[in-house]
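In my numbering, the protein residues as written are 162 to 905.
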DNA sequence: ACACTGTGAGTTTTT
DNA sequence: CTCACAGTGT
C-alpha cells in the first residue's frame with residue numbers, strides 16, 4: 162500500500178516551511194514516498210536540500226521517528242551537514258547518537274557490527290584498521306611468508322586485495338593465473354586470517370562484514386529492515402558493490418529506497434565505485450521512479466555552458482540538460498603561462514586583485530590534479546603574502562605521535578591487536594630491536610597466540626617492563642573507569658612518552674607534545690567510551706576536523722573539491738598528461754573519468770573560472786618539458802565564453818600558440834611587449850629564446866636532449882638554426898620551436 | 001641498536 | 001628532486 166495513504170495528515174505550518182522554496186522537481190522528489198526513487202541531480206541543483214527536506218518532511222508530515230530513517234553519505238562532513246540542516250528544519254536535536262542514523266556507510270557498518278560482531282566470530286570491541294595499519298600488517302605477512310617486497314610491493318598487494326574485496330571475491334576464490342596474483346592470493350588468505358585473529362577489521366571488511374551479517378542472520382536483517390522504513394543514499398554514483406548490496410538488503414522490506422546521484426560526478430571508480438549501480442537502478446527496481454533535477458542554482462550561465470559542453474563528450478552518462486536562471490556573468494579566463502611558476506604568479510596576482518576588490522579569501526579556491534602541484538603554488542602565494550590552507554594534506558589522526566597514543570589505547574582496549582603492539586613496543590625506545598621483535602612474532606605465530614602472550618616471566622627485562630606497563634594501564638582503564646583524556650595522560654606518564662619528548666627538546670618534539678595536548682583536550686569534551694572513540698578516530702578524516710574559520714584561500718586537488726563551491730575557482734595545469742592525467746590518456750573509461758573530474762572542477766565555481774595552462778612544466782626528476790593544452794580545451798565553447806590571455810614570457814612561436822592561433826587568434830590577447838618585441842625589450846623577454854645571441858661554442862641546455870655545445874649557427878634572429886652537439890648525437894635545432902637555455 | 005648511505009619510485013584517496 | 005626504506009657499518 163502506498164505509504165502516504167496509511168497516515169494522511171493535514172498540511173501544517175512546519176510542513177509549509179519545509180516545502181516552500183522548492184522547485185516542482187525538488188518538491189516531487191521530497192514528497193514522493195510510494196517506492197524506490199532515483200534522483201538524478203546535476204551539479205548545484207540542490208541535492209542536499211532535497212535529502213534534508215525529505216527527512217524533515219517524513220518526520221513532520223507522517224510523524225516518522227527519526228531513527229526510522231536511514232540516511233547514508235560517503236563523508237563525515239556530508240553526514241554532519243545533513244544532521245545540522247535537518248535539525249534546523251524540524252527544530253529537534255538529533256543529539257542522541259544512539260538514535261541517529263544519518264551517517265556514513267562505514268559508520269553505519271561500525272555501529273551495527275559493534276553490536277553484533279559476535280555472530281561473525283569477532284569479539285565485541287573489535288578495532289578498525291586504517292590504511293597505515295593495513296600496510297604494516299601486509300608487510301609483516303609478506304616478511305613472514307618470505308616474499309620479496311622489492312619486486313612485489315606491499316602497496317600493490319594491498320590494492321589488489323582491496324579490489325578483490327570490493328568485488329566480493331573471497332581469499333579462497335581469488336584466481337591466481339600470474340606470479341603477482343599468486344602472491345596476492347597467498348597474502349590475502351593470511352591477511353584475512355590475521356585480521357580476525359587481531360580482532361580487527363579494515364575499511365573494506367566493515368562493509369563486507371555488515372553484508373555477511375545481514376545476509377546470514379535473518380533475525381538481524383528483519384530487525385533493521387523493519388526499523389529503517391526509509392533508506393536515503395547520497396552520492397549514489399560512487400557506490401560500490403558491497404554498499405549497493407547493503408542498501409538493497411536494508412530496503413528490501415519497505416522498498417522505500419531514495420537515492421540521489423550524478424553520473425557526471427563519478428570520480429572514484431578507481432576505488433571501486435561502480436557506475437553500473439546507478440545506471441541499472443531502474444532495472445534493479447522496475448517500479449522505480451526517476452526525477453531529474455536540472456536547474457542549477459550555483460553558477461553563472463557562462464560557467465554552466467562551458468561545463469555542459471565539456472561533459473557532453475562523455476559516452477557513459479544519462480543525458481540531462483542543466484540550466485540556470487542565473488546571470489551570464491564574466492567570461493572564463495584561459496591563461497597560457499610559460500611554466501608552472503609563471504602560472505602560479507598569474508594565480509597569485511589575480512587573487513591579489515580579487516582580494517583588493519574586497520572579496521573574501523574564503524570564496525577563492527585553487528584546484529590542481531596532483532598534490533605535488535601544490536608546492537610551487539604555495540611557494541608563490543607565500544611570496545605574495547596570500548594566506549592559504551592546503552585542504553587534504555595530513556590528517557591529524559595520521560600524525561606519528563597521535564598514532565602512537567592511539568596504538569597504546571588500542572592495546573589497552575584489545576590486547577590482541579598485534580599491529581598496535583608492533584608499532585609501539587619500542588616507542589619510546591626500550592632497546593627492543595628488530596631481531597627481538599621478530600623472535601616474538603615468530604614464536605607467537607608458532608604457538609598461534611598473540612605477541613603479548615609470548616612475553617613471560619622468562620623474557621628479557623625490557624619486555625617484561627613493557628608488558629607490565631600495558632597491564633597496569635589496562636587495569637587502570639577497567640577498574641577505575643578513567644575518562645579517555647585521563648587515560649592518555651596516564652599513558653604519557655607510564656610509558657615514558659612524555660619524558661622522551663621533553664628530553665628531546667627540539668621544535669619537532671614540542672609540536673608533538675602540543676598535538677597530544679590537543680588530543681587530550683579534544684577527548685575531554687567527548688563522552689565516548691574508549692571503544693567508540695577508537696572506531697570513530699579510525700573513521701575520521703581531516704576534512705572532519707574543526708578547523709578554526711580562518712580567512713584563507715583554499716588549495717586542493719580536484720578530487721577533494723567535490724561537494725564544495727566557491728565564487729572564484731582557479732584550475733591549474735589544464736594540460737595534456739596532467740588533466741587528463743598521463744596514466745589515463747590511453748584508457749577510454751579513464752579518460753571519461755578525467756573529463757568528469759574536469760567537470761567537477763568547473764562546476765565548483767559560482768562566479769568566475771580561471772583556467773591556466775603551463776606551456777612547460779617540471780615533473781619530478783625530469784627537466785622542464787613542453788606541455789600541450791588539454792584535449793578538453795577543444796571541447797569547450799570558446800566564443801563568448803572564454804577569453805584567452807597569453808603570458809608576456811611566451812613568444813608567438815610557442816607550441817601552444819602555434820597550435821591555437823589559427824582557430825582562436827581573435828581571442829588571444831598577446832602582451833603588447835611581445836607583439837612590439839623589436840622595441841623596448843625587457844629582461845623577461847630577453848630571457849626568452851628567440852632574442853638570444855647564440856654563438857658557436859656556447860653551452861646550451863635543451864629540455865629534450867640535455868646539455869650540448871653549439872657547433873655552428875645558421876641564419877640570424879628569430880629564424881636562427883643551430884647545430885648542437887649533445888652527449889650522444891648532433892642535432893639541428895631551431896630555438897624558436899624548442900626550449901633552449903643558455904648555460905654559459 | 002642506531003646512524004648513515006644508496007637506491008628506487010613517485011595519480012587521484014570520501015572511509 | 002624528494003621521500004621512504006633496505007642494507008651496511010659501527
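Just so you know, even glycine gets a beta-carbon here, dropped at the ideal spot from N, CA and C.
Subject >> Residue interval of the beta strand (DSSP E) (run including residue 786) >> reply: Counting along the chain, the beta strand (DSSP E) containing residue 786 begins and ends at 785-787.
Subject >> Residue closest to residue 374, alpha-carbon to alpha-carbon, out of 271, 398, 473, 300 >> reply: 271
Original post:
Going along the chain, which residues of its own chain have a beta-carbon closer than 8 Å to the beta-carbon of residue 698, five neighbours each way excluded?
Top reply: Hits under 8 Å: 558, 567.
Original post:
What is the DSSP secondary structure of residue 415, counted as helix, strand or coil?
Top reply: coil
**OP:** Let me know if residue 495 comes out buried or exposed under the rule of 16 or more other beta-carbons within 10 Å of its beta-carbon.
**Re:** buried
Original post:
Among the residues of its own chain, which have a CB less than 8 Å from the CB of residue 689, if the five just before and after it don't count?
Top reply: 645, 697
Subject >> Neighbour-count burial assignment, residue 785, 16 or more Cβ in a 10 Å radius >> reply: buried
Original post:
Under the criterion of a Cβ to heavy atom distance below 6 Å, does residue 360 qualify as lining the ligand SAH?
Top reply: No copy of the ligand SAH occurs in the structure displayed, which carries no ligand at all.
**OP:** Check residue 478 in the structure and name its three-state DSSP category.
**Re:** Looking at residue 478 - three-state DSSP - the assignment turns out to be coil, as it is neither helix nor strand.
Subject >> Reduced DSSP category for residue 353 - H, G, I as helix; E, B as strand; rest coil >> reply: helix
Original post:
Are the region 231-244 and the region 380-394 touching by the rule of at least three beta carbon pairs closer than 8 Å?
Top reply: yes
**OP:** With a cut-off of 8 Å on the beta carbons, I'd call residue 123 and residue 775 a contact; round off their distance for me.
**Re:** Here the chain has residues from 162 to 905 only, and residue 123 is not among them.
Original post:
Per DSSP, what kind of secondary structure is residue 903 in: helix, strand or coil?
Top reply: strand
Original post:
Do the region 477-491 and the region 511-528 make contact, defined as three or more Cβ pairs closer than 8 Å?
Top reply: no
Original post:
Relative to the C-alpha of residue 362, which residue among 618, 858, 294 is closest?
Top reply: 294
Original post:
Is it true that the CB of residue 754 sits closer than 7 Å to the CB of residue 304?
Top reply: Contact flag unset, no.
Subject >> Closest Cα partner of residue 390 within the set 223, 815, 637, 591 >> reply: 223
Original post:
Helix, strand or coil: how does DSSP classify residue 699 here?
Top reply: helix
Subject >> Of the residues 563, 901, 266, the one placed nearest residue 238, counting alpha carbons only >> reply: 266
**OP:** Quick one: residues in its chain with C-beta nearer than 8 Å to the C-beta of residue 387, no 5 flanking neighbours on either side, listed in chain order?
**Re:** 414
Original post:
Using the rule of at least 16 other Cβ atoms within 10 Å of the residue's Cβ for burial, across every protein chain shown, is residue 682 buried or exposed?
Top reply: exposed
Subject >> residue 369 vs residue 403 beta-carbon contact at 7 Å >> reply: Yes, they are a contact pair.
**OP:** Decide if residue 847 is buried, meaning its Cβ has at least 16 other Cβ atoms within 10 Å, or exposed.
**Re:** Below a pLDDT of 50, predicted positions are generally treated as unreliable, and residue 847, at 33, falls in that range; no measurement from the model is reported.
**OP:** Determine the burial state of residue 578: buried for a count of at least 16 other Cβ atoms within 10 Å of its Cβ, exposed for fewer.
**Re:** buried
Original post:
Do residue 440 and residue 197 come within 7 Å of each other at the CB atom, strictly closer than that value?
Top reply: Taking 7 Å as the Cβ cut-off, residue 197 and residue 440 do not qualify as a contacting pair.
Subject >> Close-in-space but distant-in-sequence residues of the same chain around residue 605 (CB under 8 Å, 5 per side omitted) >> reply: 579, 611, 612, 614, 615
**OP:** Could you have a look at residue 661 and say whether DSSP puts it in helix, strand or coil?
**Re:** helix
Subject >> Alpha carbon of residue 547 to alpha carbon of residue 309, nearest angstrom >> reply: Here the alpha carbon of residue 547 sits roughly 47 Å from the alpha carbon of residue 309.
Subject >> Assigned exposure category for residue 596 - 16 Cβ within 10 Å defines buried >> reply: By the Cβ neighbour-count rule, residue 596 is exposed, with fewer than 16 other Cβ atoms within 10 Å of its own.
**OP:** Return the CA-CA distance between residue 245 and residue 416, expressed in angstroms with no decimal places.
**Re:** Distance between residue 245 and residue 416, taken at the CA atoms: about 27 Å.
**OP:** Kindly give me the distance between the Cβ atoms of residue 767 and residue 728, rounded to whole angstroms, as I take these residues to be in contact under 8 Å.
**Re:** 5 Å
Original post:
residue 543 by DSSP, collapsed to three states: which one?
Top reply: Here residue 543 carries a helix assignment [DSSP, helix/strand/coil].
Subject >> Range of the contiguous alpha helix (DSSP H) that encloses residue 499 >> reply: Residue 499 -> not in any alpha helix (DSSP H); beta strand (DSSP E) instead, spanning 493-500.
Subject >> 7 Å Cβ cutoff met for residue 802 and residue 461 >> reply: no
Original post:
Using CA coordinates, which residue listed in 641, 507, 383 is at the minimum distance from residue 542?
Top reply: 507
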